[in-house]
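Taking it in order: structure first as structure tokens, then the write-up.
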Amino acid sequence: MDARLDFFASPTAGKALKHLMAAGRTLKDSALPAAVQELVSLRVSQINGCGACLDMHTKEALAAGESPVRLGLVAGWREATVYTEAERAALALAEQGTRVADAGEGVSDEVWDRAAQHFDQEQLTALVLLVSFMNAATRMNIMSKQPAGGYEVGQSH
């Protein structure tokens with residue numbers, strides 16, 4: 185599969201993506217635990233069907249020491265026993281934040297309150313920004329048909 189767009193060849197995309205990728209690096213360095221970041225990134229990528237993002241975040245998480253079992257169970261996190269309550273709260277928030285058109289009310293008070301029990305304000309802010317960032321990234325990749333499978337760990341940093 186060939187990508188419809190080469191974002192690196194576009195002056196406009198180059199300017200915009202410089203800022204977007206800087207935001208991504210800022211989130212990576214935030215107080216939100218790295219494991220939560222990768223699980224959330226994977227779940228948003230799964231929901232949106234972004235192969236390029238799944239490729240990248242699976243490989244990055246594995247390289248960081250994440251368990252293949254935990255990564256493989258992200259889509260079924262509700263039934264899986266391998267996640268902490270904090271991770272479950274983050275995954276629930278990520279799902280509702282990604283499916284805003286389907287959820288009617290967006291993120292419910294119940295899901296928000298559960299996340300707020302596990303994360304402080306700085307971490308919640310990073311979580312909301314991460315879900316938003318991942319939704320933007322997945323949508324750009326899907327619209328432009330970015331191929332999956334060739335990502336190498338550290339390539340996007």
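Quick note on our numbering: the sequence shown kicks off at 185 and runs consecutively. Note that beta-carbon positions come from the ideal geometry of N, C-alpha and C, so glycine has one too.
Quick check: is the beta carbon of serine 214 nearer than 9 Å to any beta carbon in chain B? The structure shown has no chain B; it contains just one protein chain.
Burial state of arginine 262 (16 or more Cβ within 10 Å): By one-based count along the sequence shown, residue 262 stands at place 78. Arginine 262 comes out exposed.
When you compare the CB positions of alanine 320 and alanine 236, do they come within less than 9 Å of one another, or not? On the sequence shown, residue 320 is found 136 positions in, with the first residue counted as 1. On the sequence shown, residue 236 is found 52 positions in, with the first residue counted as 1. No, these two residues do not count as a Cβ contact at 9 Å.
Looking at the secondary structure, which residues open and close the alpha helix (DSSP H) in which threonine 265 lies? For this step, residue 265 is matched to residue 81 along the sequence shown. Segment: none, threonine 265 is in no alpha helix (DSSP H) and carries neither H nor E.
Can you look up glutamate 250 in the DSSP assignment and give me helix, strand or coil? Numbered from 1 along the sequence shown, position 66 holds the residue referred to as residue 250. Coil.
How many Å lie between glutamate 250 and glycine 260 at the Cα? Here residue 250 refers to the residue found at position 66 of the sequence shown. Here residue 260 refers to the residue found at position 76 of the sequence shown. For glutamate 250 and glycine 260, the distance between alpha carbons rounds to 17 Å.
Short check: CB of leucine 226 to CB of valine 258, under 9 Å? Against the sequence shown, residue 226 aligns to sequence position 42. Against the sequence shown, residue 258 aligns to sequence position 74. Yes, the pair counts as a contact, with Cβ atoms nearer than the cut-off.
Boundaries (first-last residue) of the alpha helix (DSSP H) holding glutamine 305: Locating residue 305 in the sequence shown gives position 121, counting from the first residue. Residues 305-327.
According to DSSP, is aspartate 186 helix, strand or coil? Here residue 186 refers to the residue found at position 2 of the sequence shown. DSSP places aspartate 186 in coil when its eight states are reduced to three.
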